[in-house]
Structure formats: structure tokens, C-alpha cells
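Chemist:
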Amino acid sequence: MEPAGTGTGKGAEGTQLAGMGTDTMEPAELGTGTEGTELTGTEGIEPAGMGTEGIEQAGMGTEAMEPAGLEPARLGTAGTETEGTEPAGMGTEGIEPARLEPVRLGIAEMESAGLEPAEMEPAREAEEPPGSPALPAEVPQGGPPGREREQERGRRGAGAQGSAGRAARGRARRAPGRRSGGESARRSGVTVDSSKAKTSLEALKISLRQLRWKEFPFGRRLPCDIYWHGVSFHDSNIFSGQVNKFPGMTETVRKITLSRAMRTMRDLFPLEYNFYPRSWILPEELPLFVAEVRTMKDSNPSWKPTFIVKPDGGCQGDGIYLIKDPSDIRLTGSIQSRPAVVQEYICKPLLVDKLKFDIRLYVLLKSLEPLEIYIAKDGLSRFCTEPYQEPTLKNLHQVFMHLTNYSLNIHSGNFIHSASANTGSKRTFSSILCRLSSRGADVKKLWSDIISLVIKTIIALTPELKVYYQSDIPAGKPGPTCFQILGFDILLMKDLKPVLLEVNANPSMRIEHEQELSPGVFENVPSPVDEKVKVAVIRDTLRLMDPQKKKRKDTQCQSPERAPGAIEEPLDAVPGPEAALPSLCLKQVFPKYARHFSYLRLVDRVAALFIRFLGVKGTTKLGPTGFRTFIRNCKLSNSNFSMAAVDILYIDITRRWNSMGIDHKESGTPGMCLQAFVEAFFCLAQKKYKALPLHKQVLSLIELCECRLAAVHGKRLVWGCGLAQPRGALRASGSAPGPARPHGHQVLRLQKPAQLRALMCRDRTGS
42 MEPAGTGTGK
52 GAEGTQLAGM
62 GTDTMEPAEL
72 GTGTEGTELT
82 GTEGIEPAGM
92 GTEGIEQAGM
102 GTEAMEPAGL
112 EPARLGTAGT
122 ETEGTEPAGM
132 GTEGIEPARL
142 EPVRLGIAEM
152 ESAGLEPAEM
162 EPAREAEEPP
172 GSPALPAEVP
182 QGGPPGRERE
192 QERGRRGAGA
202 QGSAGRAARG
212 RARRAPGRRS
222 GGESARRSGV
232 TVDSSKAKTS
242 LEALKISLRQ
252 LRWKEFPFGR
262 RLPCDIYWHG
272 VSFHDSNIFS
282 GQVNKFPGMT
292 ETVRKITLSR
302 AMRTMRDLFP
312 LEYNFYPRSW
322 ILPEELPLFV
332 AEVRTMKDSN
342 PSWKPTFIVK
352 PDGGCQGDGI
362 YLIKDPSDIR
372 LTGSIQSRPA
382 VVQEYICKPL
392 LVDKLKFDIR
402 LYVLLKSLEP
412 LEIYIAKDGL
422 SRFCTEPYQE
432 PTLKNLHQVF
442 MHLTNYSLNI
452 HSGNFIHSAS
462 ANTGSKRTFS
472 SILCRLSSRG
482 ADVKKLWSDI
492 ISLVIKTIIA
502 LTPELKVYYQ
512 SDIPAGKPGP
522 TCFQILGFDI
532 LLMKDLKPVL
542 LEVNANPSMR
552 IEHEQELSPG
562 VFENVPSPVD
572 EKVKVAVIRD
582 TLRLMDPQKK
592 KRKDTQCQSP
602 ERAPGAIEEP
612 LDAVPGPEAA
622 LPSLCLKQVF
632 PKYARHFSYL
642 RLVDRVAALF
652 IRFLGVKGTT
662 KLGPTGFRTF
672 IRNCKLSNSN
682 FSMAAVDILY
692 IDITRRWNSM
702 GIDHKESGTP
712 GMCLQAFVEA
722 FFCLAQKKYK
732 ALPLHKQVLS
742 LIELCECRLA
752 AVHGKRLVWG
762 CGLAQPRGAL
772 RASGSAPGPA
782 RPHGHQVLRL
792 QKPAQLRALM
802 CRDRTGS
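Residues in the sequence shown are numbered from 42 upward in steps of one, following this note's numbering.
1. Determine the direct distance from the alpha carbon of Val272 to that of Ile526, and round the result to whole angstroms.
2. The alpha helix (DSSP H) that contains Pro569, what's its start and end?
3. Under 8 Å between the Cβ atoms of Asn389 and Asp353?
4. Determine the burial state of Cys724: buried for a count of at least 16 other Cβ atoms within 10 Å of its Cβ, exposed for fewer.
5. Taking C-beta to C-beta, are Met245 and Ile579 nearer than 8 Å?
6. Please report whether the beta-carbon of Ile247 lies at a distance below 8 Å from any beta-carbon of chain B.
7. Can you look up Phe682 in the DSSP assignment and give me helix, strand or coil?
8. When you compare the CB positions of Leu663 and Phe682, do they come within less than 8 Å of one another, or not?
9. Identify whether Pro328 lies in helix, strand or coil by the three-state DSSP scheme.
10. Relative to the ligand MN, is the shortest distance from any of its heavy atoms to the C-beta of Lys507 smaller than 7 Å?
11. Pairs of beta-carbons, one from the segment 495–506 and one from the segment 251–258, closer than 8 Å: are there three or more?
12. Quick check on this structure: which residue in His270, Leu252, Gln251 has the alpha carbon closest to the alpha carbon of Gly260?
13. Check for me: the alpha helix (DSSP H) holding Arg468 runs from which residue to which?
14. Could you give the DSSP three-state label for Trp269: helix, strand or coil?
15. So, using beta-carbon positions, are Ile267 and Leu583 closer together than 8 Å?
16. Do you know offhand how far Phe441's Cα is from Val393's?
17. Quick check: Lys573 and Thr469, are their CB atoms within less than 8 Å of each other?
18. Do Met586 and Gln251 count as a contact pair if the criterion is CB distance below 8 Å?
19. Helix, strand or coil, according to DSSP, for Pro380 in the structure here?
20. Just curious, the alpha helix (DSSP H) that Leu494 is in, first and last residue?
21. Starting from Thr232, follow its DSSP beta bridges and name the residues at the other end.
22. Spell out the partners DSSP gives Gln525 in its beta bridges.
23. Tell me which same chain residues have a C-beta within less than 6 Å of the C-beta of Ala516, skipping the five on either side of it?
24. With DSSP as the reference, label Phe441 as helix, strand or coil.
25. Determine the closest residue to Val630 out of Val739, Leu740, Asp490, with distance taken between C-alpha atoms.
26. Taking C-alpha atoms, which residue in Cys748, Cys425, Pro504 lies nearest to Leu299?
27. For Trp698, tell me which candidate among Tyr691, Val687, Ala717, Ala685 has the shortest Cα-Cα distance.
28. Quick one: what does DSSP say Ile473 is sitting in, helix, strand or coil?
29. Indicate the three-state DSSP secondary structure (helix, strand or coil) for Glu237 in the structure shown.
30. Taking the Cβ atom as the reference point for each residue, do Val383 and Trp344 lie within a distance shorter than 8 Å?
31. If you count every other CB in all the chains shown that lies within 10 Å of the CB of Asn547, and 16 or more means buried, which is it?
32. Report the residue from Ile552, Ile531, Leu558, Phe671 whose alpha carbon sits nearest the alpha carbon of Asn15.
33. Which residue from Gly420, Leu735, Glu744 puts its Cα closest to that of Val404?
34. Roughly how many angstroms lie between the CA atoms of Leu473 and Tyr634, to the nearest whole one?
35. Would you mind listing the alpha helix (DSSP H) stretches within the segment 283–352 that are 4+ residues and don't spill past its ends, in chain order?
36. Just curious, the beta strand (DSSP E) that Glu413 is in, first and last residue?
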């Protein structure tokens with residue numbers, strides 16, 4: 042076993058994604074690359090433990106990348122340091138991984154559905170930083186100019202209220218299609234409740250002004266289209282509209298829950314989920330942690346690891362510390378009262394200006410069903426404030442050297458607030474990409490690896506999130522739809538391999554920082570770097586969630602025939618405010634690449650079975666009756682696995698999980714949580730399909746359960762729909778006549794469709 046953070050480079054078997062540039066590329070053939078390729082001219086950028094000689098990229102050669110008849114990505118640097126420069130994009134075109142095979146993904150197909158213009162403007166493309174593919178422009182939203190735009194033009198001129206304005210309004214009245222398509226929707230405007238926005242309020246206000254939407258800073262008695270919350274989803278009074286938080290997201294991305302979810306996925310797909318450091322849950326896994334570290338040291342005496350301890354409920358760097366040995370007194374003394382996660386520390390990160398840094402990348406989870414994921418084309422790079430050295434017993438306590446948290450480093454005397462995107466202690470990620478690209482780094486592959494990391498992480502989190510969602514907003518109950526901006530904290534290793542540090546449910550959206558004028562006297566000072574990135578993310582999230590966009594298009598499609606002589610306008614004509622906005626900074630990556638990652642969604646299908654048998658709406662735990670019903674309906678019990686054994690399995694697993702003291706919505710109520718059900722499901726799969734690897738065992742059992750449940754459902758449909766025929770019809774079809782019945786009664790016999798019979802016979806050998 043190789044500990045995380047040692048920089049394995051490409052990996053012999055892991056899925057590798059080809060890069061993402063501005064130009065389209067066909068998926069590259071699988072290749073081993075050129076081992077040990079050095080990036081020349083890396084002055085100012087060096088990995089830990091190296092001089093300024095270069096950045097060594099293990100297995101990141103370009104031999105495997107052969108775009109078919111396509112020009113290479115343009116890597117110019119012009120315009121990257123001027124105001125208004127487009128941030129680094131995400132050319133994620135054409136991820137084509139083979140199923141469970143190591144592949145490199147090209148960018149040929151990155152034409153986001155419904156979000157790409159016919160072609161990019163040459164001027165806009167020339168401004169893009171090197172190696173950062175331009176994102177698509179926003180689909181022009183439906184709706185003609187209408188009365189408001191005519192009036193706006195009129196206001197600019199001296200005679201706006203004269204005959205010209207009246208003539209324009211008359212033309213609008215004579216063309217009903219022009220008016221009904223978008224004018225009425227724009228006149229009403231999108232309403233946003235910002236009363237609970239908290240620290241994201243300033244960025245939200247700027248976004249709403251740019252969109253010309255209606256803000257209600259103190260709430261509203263009538264329903265709003267969008268509710269913007271700053272912390273979490275907790276509002277039982279919202280029955281419609283959209284909320285920018287998912288119920289249960291905060292609990293789902295906590296360090297312990299995230300580590301459990303990633304471990305489950307690593308058990309199924311070890312090569313696909315090697316981007317998350319190996320972790321142990323404390324205090325329950327402290328003996329396992331000590332034993333495994335001792336075993337690894339015995340097998341490799343030269344291994345001198347460092348571990349980082351993160352409290353489960355901590356944030357902003359609170360309570361994080363480093364240790365060299367599992368017997369550290371701080372570890373044994375604190376975990377009993379404060380559960381935590383201990384991880385292998387990444388000792389050889391990529392350095393810029395001899396400083397360690399991480400990336401805060403913003404990800405929009407637009408919906409769960411269907412799953413929709415967008416990634417911002419720019420993020421923030423947050424720097425430590427002391428030159429990095431590999432951890433030793435003498436420097437373990439130097440948090441300004443090892444921890445990249447902004448909330449910690451801002452208290453350092455070396456922290457630099459800068460108005461420039463490429464200097465200071467907080468910079469844009471696009472500026473880092475420009476710097477890497479100018480020195481020969483394969484930033485297209487880096488973007489591809491980051492996008493793969495994000496999609497796989499979301500896939501690992503969605504099962505738990507769906508359980509919370511159905512609990513707060515059960516099917517059939519009125520409630521809002523949800524979306525959420527997540528903050529992914531990613532560290533780059535010296536070979537440019539991205540490593541996931543954590544996921545933040547409530548990433549800071551503040552666009553100012555506090556400055557101390559005198560002892561104890563502070564004022565808020567605008568932060569241009571934060572504003573540039575965060576306002577764009579919030580504004581374009583709102584544009585994607587615009588509830589009136591679809592209404593405008595539907596209304597136009599259903600509008601009556603246009604009057605003779607009326608000007609024909611496309612359905613995607615841009616309304617006034619949208620026309621002045623830049624292209625979207627958010628790039629869709631799922632379901633665009635669903636076919637490359639759908640095979641990973643096994644736990645998602647297990648969660649669907651779990652939710653099906655919960656029985657009671659609003660609960661998140663499965664009772665013993667529900668578990669027995671699941672076993673019975675899926676016909677999983679037999680002579681070798683009796684119902685008594687089913688009860689024992691349920692009791693053992695449930696008792697152990699409930700004793701862990703997990704901070705759960707229903708931690709005090711008995712029952713089997715989703716993670717316990719997943720463990721039980723894996724046990725059943727291993728009993729039934731002993732000769733297969735785990736992921737195939739689980740897949741086989743899922744398909745068996747889904748097939749048998751479909752058969753049961755089919756029976757109910759046949760009976761419920763009255764798909765039976767009178768006795769005479771049966772006899773006419775060749776059936777034998779039944780016994781005589783009293784006159785006036787019809788004999789109904791169930792007719793099973795051929796498809797249903799096939800479903801019931803399928804996998805009979807496994808019953």
C-alpha cells in the first residue's frame with residue numbers, strides 16, 4: 042500500500058483524463074507517457090524538496106495525446122494581467138474514459154448542451170489565459186425587446202415620449218407574439234429573498250443589480266422565486282420556489298461522513314478514488330490506525346510519515362494539527378471528547394514562490410434528479426505565509442507554513458492583501474495556470490483531472506444527500522427545489538496530481554476583508570480578487586437557475602401566429618439585461634460526461650433501494666420490518682440464509698453503527714442508517730457471489746434486486762389496471778374452459794405479459 046501524498050504521478054492503472062484546452066481534441070489513445078519529464082524555466086515555481094531546477098511530472102508525457110486533425114491549444118499570455126481579462130477556463134471537451142480502464146480524456150465534445158454559441162468571438166478567445174479553455178457563452182434567453190426596451194431607448198433621446206415612442210408601442214401591440222414571448226415575464230421580474238444571505242449579501246446584491254432582478258432584503262409575505270440562505274436549509278415555511286441550499290448538505294460533507302463515503306467508493310473502485318488521502322476515523326479506529334502505521338513502518342523502515350488531524354466539526358483551520366507518531370499525546374488526549382479524522386499529510390506539494398498553496402474551486406450542484414454539476418472556470422489560490430519546509434519535529438507547529446487556510450494566514454504578519462490577481466497571499470487560480478503553462482506544464486490535463494475529481498466526489502456524496510432530501514421534502518409534499526454552491530479545497534502535488542482536501546457546504550462568499558486601522562479598530566476593505574471570482578459565480582448561478590427562462594421559451598413556443606409584417610425573432614433572443622452580461626463562468630460537466638462515470642453510481646442505486654423500503658415519509662432510518670420486507674421482496678433468503686440470519690445481520694450492524702455516536706439527524710432513534718444498510722448490502726453481495734471482485738458482486742446483487750422488484754411491481758400493475766379478460770375471451774384464445782359458474786358472474790383470469798414473465802424468470806438460478 043502506498044500512502045497518499047507520496048506523488049505516484051500518473052499511476053499504472055488509474056483513470057487518467059486528458060487535458061482541457063481551448064481547442065477541440067479527440068480522446069487520446071492510452072499511453073504511458075514520458076516518465077520523468079522536466080519542466081524547464083520554472084524559476085519561482087518549485088515542488089517541495091526541490092530546487093529551482095523544475096517541476097518533475099511523473100508519467101505526464103504528451104506521447105499519448107494525438108488529437109485527430111485538430112490544432113493544438115493556444116498558450117499565449119497576452120492580456121492575462123490586465124483588468125477584465127477572462128479567468129482561466131475549463132476546456133473539458135470530450136472525456137472519453139474506457140470502462141474501468143486507464144485512459145486520457147480529450148476535449149472534443151465540450152460543447153455544453155444548450156450553453157454554447159455557434160462559435161467563439163475571436164477577440165474574446167484571444168483574451169483567454171494560456172491553457173485555459175474558454176467557457177461557452179450564455180444561451181441567449183427568449184423574449185423580444187418589447188415595450189420596456191423601446192421605452193429605454195426613448196429615455197435616452199429627447200423625444201422619447203413623442204410620436205416615435207407611441208409608434209413603437211403600437212407596433213408591439215399589433216404583434217402579440219412579440220409581447221407575449223418575454224415582455225410580461227421581464228416586467229414582473231425574478232424575485233429574490235436575501236434576508237438570510239448573511240456574509241454573501243454584498244456579492245448577491247451586486248449580482249442582482251447586474252441582472253436587474255428584484256431583491257427583498259427583509260423577506261416578503263408573498264412567495265419569492267429564489268431564497269438565498271447563507272448557512273443551511275432550515276425553513277419549513279417555504280413551499281415553492283428555489284433555495285440555494287440542500288437539506289443535509291452540511292452533515293453530508295463533514296469530515297467523518299466524507300471520509301466514510303470516499304472509503305466506500307475506494308473499496309469498490311480503488312484506482313478511481315486514489316485522489317483522497319487515506320483516512321482513519323477517531324476515536325473508533327484509533328487501534329486500527331496504530332496497527333496499520335506500525336505494519337507499514339515495519340515493511341518500509343525508511344518511511345517517515347506525517348499525519349494531519351482534523352476535528353470533524355471544525356472549520357477555518359480550527360483545531361487542526363500535525364503529528365509524526367500515532368502515540369502523540371495530543372492525539373490520545375483530545376479525540377475522546379472531539380471526534381476527528383486523521384489523514385496522511387501531503388509532504389511534497391507544488392510550490393509557487395517557495396510557498397505552499399491550495400485551490401478553492403466553486404462547484405454548482407444544480408439538481409440531484411437528474412444529477413447536474415457545473416464547475417467555475419476560475420477559483421482562488423490561497424497561500425501560506427512562510428516558506429515551506431518538509432515537516433519535522435521542530436516545525437510541526439508552524440501553521441503559517443503547513444496550513445493554507447485563509448482564516449489562519451490572515452493573522453500572519455507576512456500576509457499580503459493585493460489588488461492584483463497574480464500577486465499576494467490570495468490570487469486567482471487562472472493566474473497560477475498561466476504561470477504553469479508558460480513554463481511548459483500540461484494544464485489541460487490538470488483541468489481534466491480536477492473535473493474528474495469533482496464528478497467522482499459528487500457521485501460519492503449524492504446517496505446520503507438523497508436520503509436527507511426525501512426526509513425534508515418527501516415526494517408529494519409541497520416544497521422548494523434546491524441547488525447549492527460548494528467549495529472544493531484541492532492541493533496540487535509536485536507532479537500536478539490534484540488531491541482533495543475537503544468539501545465545504547458553505548464556502549465564504551465575502552468580497553471584502555477586515556483591516557485594522559488602530560488597535561481594536563477595524564474596517565471592511567474591498568478585495569478585488571474575491572469580488573472578481575465570487576460575484577461571477579453567484580451571478581451566473583442565478584442565471585442558470587432563472588425560473589422565468591423556461592417560462593419565456595414555453596410562452597414563445599405557444600404564442601399565436603405572428604401578424605403579417607412582424608419581425609421574426611429567434612426564440613433565444615437575449616433580453617436587455619442579459620445582452621450586457623459576459624459569458625457564463627460555469628461549465629456543465631455532468632450529465633455531459635455521464636456515460637464516462639455512470640458505472641461508478643452503484644451506491645446511488647443501493648440508496649434507491651434503501652429509500653424505497655423506508656416506509657415512513659420523513660425518516661432516514663430503516664426499521665427491522667422494512668429490512669425484512671426488502672429481503673423478502675428481493676427473495677434473498679434461502680436455506681443457507683434464513684430470516685433468522687437476516688435479523689441477526691440487521692441487529693449486529695445497526696447496533697455497531699448506532700454506538701458510534703455519529704452526529705445524525707436521527708441519531709437518538711433506533712434503526713439502520715444508509716451507511717449501515719450499504720455495509721449490510723455488501724455483506725449480502727459477498728455471500729451470494731463469492732468468486733467476483735467486490736464491485737461486480739455489488740452490481741450483480743443490485744441488478745438481481747431491481748429485476749425482482751420490477752417483477753413484483755409488474756404484478757401489482759397487472760392487477761391494479763384490471764388487465765384481465767372475461768371467461769369467453771379466454772376460451773376464444775384457446776384456454777381450457779373453467780368450471781361452471783352461476784349465471785351473471787364473469788370469471789376473470791390474470792394474463793401475464795410476456796415481458797413480465799421474462800422478468801420473473803430472469804436470474805432464477807440465483808434465487
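Glycine included, C-beta positions come from ideal geometry on N, C-alpha and C.
Modeler: So, to answer that:
1. Between Ile526 and Val272, the alpha-carbon positions lie close to 11 Å from each other.
2. 569–585 is the span of the alpha helix (DSSP H), which, as asked, contains Pro569.
3. Note that residue 389 is Lys in the sequence shown here, rather than Asn. No, the Cβ-Cβ distance between Lys389 and Asp353 is not below 8 Å.
4. Classification of Cys724: exposed, given that the 10 Å Cβ count is below 16.
5. For the sequence presented, residue 245 should be read as Leu rather than Met. Yes, Cβ-Cβ distance for Leu245 and Ile579 is below 8 Å.
6. The chain inventory of the structure shown lacks chain B, comprising one protein chain alone.
7. If DSSP states are grouped into helix, strand and coil, Phe682 belongs with the strands.
8. Not in contact: Leu663 and Phe682 (Cβ atoms no closer than 8 Å).
9. Reduced to three states, the DSSP call for Pro328 is helix.
10. In terms of ligand content, the structure shown is empty, and the ligand MN therefore cannot be addressed.
11. In this structure the segment 495–506 does not touch the segment 251–258; the number of beta carbon pairs closer than 8 Å is below three.
12. Comparing C-alpha distances from Gly260 to each of His270, Leu252, Gln251 shows the shortest one belongs to His270.
13. Secondary structure note for Arg468: it is in no alpha helix (DSSP H), and the uninterrupted beta strand (DSSP E) holding it is 467–469.
14. Note: Trp269 maps to strand in three-state DSSP.
15. In this structure, Leu583 lies closer than 8 Å to Ile267 by Cβ.
16. Phe441 and Val393: Cα-Cα distance of roughly 15 Å.
17. Between Lys573 and Thr469, the CB-CB gap stays under 8 Å.
18. Taking 8 Å as the Cβ cut-off, Gln251 and Met586 do not qualify as a contacting pair.
19. It is coil, neither helix nor strand.
20. Run containing Leu494: 484–513, per the alpha helix (DSSP H) assignment.
21. DSSP links Thr232 through a beta bridge to Lys255.
22. For Gln525, the beta-bridge partners assigned by DSSP are Leu406.
23. Around Ala516: no qualifying Cβ.
24. Secondary structure of Phe441 (DSSP, three-state): helix.
25. Answer by Cα proximity: Asp490.
26. Here the closest residue by C-alpha is Pro504.
27. Comparing Cα-Cα distances from Trp698 to each of Tyr691, Val687, Ala717, Ala685, the minimum goes to Ala717.
28. If DSSP states are grouped into helix, strand and coil, Ile473 belongs with the helices.
29. Checking the sequence, you will find Lys at residue 237 rather than Glu. In the three-state DSSP reduction, Lys237 falls in the strand class (E or B).
30. Contact flag unset, no.
31. Here Asn547 is buried: its Cβ has 16 or more other Cβ atoms, across all protein chains shown, within 10 Å.
32. With the chain represented from 42 up to 808, any question about residue 15 goes unanswered, as that position is not in the structure.
33. Taking each of Gly420, Leu735, Glu744 in turn and checking the Cα distance to Val404, the smallest one comes out for Gly420.
34. This sequence places Ile at residue 473; Leu is not what is there. Put simply, the backbone Cα of Ile473 is about 26 Å away from that of Tyr634.
35. Considered as a whole, the segment 283–352 harbours 290–293, 296–309, 327–340 as its complete alpha helix (DSSP H) runs of no fewer than 4 residues, in chain order.
36. Here the beta strand (DSSP E) through Glu413 covers 413–417.
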